[in-house]
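Note sheet for the following structure.
2 protein chains.
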Amino acid sequence: MRAKRGRRERPIAAGELQVFKAQFFRALAHPTRIRLLEILVRGGRTVQELQEKLGLDQPVVSQQLAVLRHQGVVSAQKEGVSVRYALRDPLVGALLDVARRIFDNRLGTSTGLLRELRRERRRG
Amino acid sequence: MRAKRGRRERPIAAGELQVFKAQFFRALAHPTRIRLLEILVRGGRTVQELQEKLGLDQPVVSQQLAVLRHQGVVSAQKEGVSVRYALRDPLVGALLDVARRIFDNRLGTSTGLLRELRRERRRG
DNA sequence: AATATGTATGAGAATATTACTATATTACAT
DNA sequence: ATGTAATATAGTAATATTCTCATACATATT
Chain P
-14 MRAKRGRRER
-4 PIAAGELQVF
6 KAQFFRALAH
16 PTRIRLLEIL
26 VRGGRTVQEL
36 QEKLGLDQPV
46 VSQQLAVLRH
56 QGVVSAQKEG
66 VSVRYALRDP
76 LVGALLDVAR
86 RIFDNRLGTS
96 TGLLRELRRE
106 RRRG
Chain Y
-14 MRAKRGRRER
-4 PIAAGELQVF
6 KAQFFRALAH
16 PTRIRLLEIL
26 VRGGRTVQEL
36 QEKLGLDQPV
46 VSQQLAVLRH
56 QGVVSAQKEG
66 VSVRYALRDP
76 LVGALLDVAR
86 RIFDNRLGTS
96 TGLLRELRRE
106 RRRG
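Here it is in structure tokens:
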């Protein structure tokens, strides 16, 4: 991780912290990126592995990984010609867990989506 | 773009659940909406109260509340001529807490942003 | 050096979100 | 009924994201 050139040490404008938080949530706000993270919580994976698991084209996977990387959600490490991605903070897994519980509460008990949620929880 | 209302009972396509999760995170992905939620975790507030606390124009507040409402993040209850908004699920507070801890880990210990975080945690 | 493989980035149109302003809508009081 | 305060929505230009391909880059192998 390289140091940002010219970091400023200055007072924070009101709401600036919320801008960062919003950017972070925005990084999660995409179906493909959610799927990527749900795989990565179980451990690091190369782009190729992710690509196979999701059945998506390589540029799609790399592009979405880039979004996560730029927001510092995941880290990338070269392994020869491959690149292994991993969560930068395991708390992201906790975050997804809380989100899942919120869905659990939110969805009506008879919907197909809820059944899907239960299936997902069981797989854990 | 209008949101179709009317829940369907049918098999779930792969990744459809992730679409819902992404929409949920997208609802949080805006500085104003973060600020609104950070107030609402402490209890219900009317639009007017939120407007005053944030120092924003009324349409701005209502518009962002509408986004949260459409995603089921907050509920709205009429009180005479006012409308009181509240979190629909207290777990949203837990979600913001986890997010804050992630930021705490992520930011360098000497940055102004981190000091802001500490201040926030103390208040919270 | 030439090639193959895994990964990253670029450019374009298509789409979605935002900010801003004006106007509706609703409930209450006179 | 008219007025008023609180809230919601509509219209729209500006901006940002996403999707789809094509291509560039880096590393290892021959």
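Keeping their order, the protein sequence lines are chains P and Y. Numbering of the first sequence is given in the working numbering, commencing with residue -14 and proceeding in unit increments. Numbering of the second sequence is given in the working numbering, commencing with residue -14 and proceeding in unit increments. Heads up, the beta-carbon is just placed ideally off N, CA and C, and yes, glycines get one too. These numbers come from a predicted model, not from an experiment.
Check	Outcome
To the nearest angstrom, report how far apart S67 of chain Y and Q49 of chain Y are at their CA atoms.	17 Å
Examine the Cβ distances between the region 7 to 16 of chain P and the region 7 to 14 of chain Y and report whether three or more of them are shorter than 8 Å.	yes
When the distance is taken between beta carbons, is L53 of chain P closer than 7 Å to V46 of chain P?	no
When DSSP builds the beta bridges, which residues end up paired with V63 of chain P?	Just to set this straight, residue 63 of chain P is Lys in the shown sequence, not Val. The partner list for K63 of chain P (beta bridge, DSSP) reads P:V68.
Which one of Y:F88, Y:T31, Y:L76 has the shortest CA to CA distance from V77 of chain P?	Y:F88
In chain Y, which residues lie less than 9 Å from D42 of chain P when you measure between Cβ atoms?	By Cβ distance, chain Y contributes nothing, its closest Cβ being about 15 Å from D42 of chain P, past 9 Å.
When you compare only the Cα positions, how much space is there between K63 of chain P and E34 of chain P?	14 Å
Rounded to whole angstroms, what's the CA-CA distance from G65 of chain Y to T31 of chain Y? Just pull it up for me.	11 Å
Helix or strand or just coil, what does DSSP make of R30 of chain Y?	strand
Are I19 of chain Y and K6 of chain P touching if we call contact CB-CB under 7 Å?	yes
Answer yes or no: do N90 of chain P and D74 of chain Y have a C-beta to C-beta separation smaller than 7 Å?	yes
Taking only the alpha-carbon atoms, compute the straight-line gap between Q3 of chain P and R86 of chain Y and give it to the nearest angstrom.	14 Å
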